[in-house]
Amino acid sequence: MESIYQIKKIETTSEIEQCWDVAYVLRPHLNKNNWNATITEMMQNEKYSIAGIMDEDKVVAFAGYRVMTSLHSGNIIYIDDLCTLENYRGKGFATQLLNHVKEIAISLGKEAVVLDTGFTNNTAQKVYLKNGFELTAVHLSNRLK
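Start counting the sequence shown at 625; every next residue gets the next number (the working numbering).
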């Protein structure tokens, strides 16, 4: 039987927990013990949302994003996280999620969808460029801890 993949808004504690395996691929520094609490806090206080692609009851890819305004980019949706489990790559899930977030941005009257990616992550950069994103900035950080 062939699976039907659907995009679902992730909202419940159980759904957030199901995102862990995907999140860990992208963010291995995270701690599973406080994953749900961290995401719940981000959702409540920072306008963070998750759109997940489901294979039956399993999250296999997701985009985590925020509705925000910045002086640099204006009234936007910022994609914090976009990842697909390795066994599900090559199925167009990143493109589906990017299009989904773009549709949300358009429906909310946003000016743009913005994201950052790893400087050496050429595979992701190709996906973003193919989906209409442009290289517009260099992201720098100064880790304090």
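Where is the CB? At the ideal position from N, CA and C, for every residue including glycine.
In DSSP terms, what residue i is bridged to
| i | result |
| --- | --- |
| residue 643 | Residue 643 is not bridged to any residue. |
| residue 676 | 632, 686 |
| residue 694 | 698 |
Burial state of residue i (16 or more Cβ within 10 Å)
| i | result |
| --- | --- |
| residue 731 | exposed |
| residue 628 | exposed |
| residue 625 | Below a pLDDT of 50, predicted positions are generally treated as unreliable, and residue 625, at 42, falls in that range; no measurement from the model is reported. |
| residue 649 | exposed |
| residue 764 | exposed |
Span of the alpha helix (DSSP H) around residue i
| i | result |
| --- | --- |
| residue 699 | Run containing residue 699: none in the alpha helix (DSSP H); it sits in the beta strand (DSSP E), 698 to 708. |
| residue 665 | 659 to 669 |
| residue 731 | 717 to 731 |
Inter-residue CB distance, residue i and residue j (contact presumed, cutoff 8 Å)
| i | j | result |
| --- | --- | --- |
| residue 722 | residue 646 | About 16 Å separates the two Cβ atoms, so there is no contact after all. |
| residue 641 | residue 660 | 6 Å |
| residue 700 | residue 751 | That belief does not hold up - the Cβ atoms of residue 700 and residue 751 are roughly 19 Å apart, past 8 Å. |
| residue 643 | residue 676 | 6 Å |
| residue 672 | residue 698 | In fact, because the Cβ distance is near 19 Å, the residues do not count as touching under 8 Å. |
| residue 724 | residue 663 | Contact doesn't hold; Cβ gap of about 18 Å is too wide. |
| residue 690 | residue 704 | 6 Å |
| residue 746 | residue 719 | Their Cβ separation, rounded to whole angstroms, is 17 Å, which puts residue 746 and residue 719 out of contact at 8 Å. |
> Of all the alpha helix (DSSP H) runs that stay within the bounds of the stretch 736 to 763, which reach a length of 4 or more residues?
Replying inline: DSSP runs (the alpha helix (DSSP H)) wholly in the stretch 736 to 763: 746 to 754.
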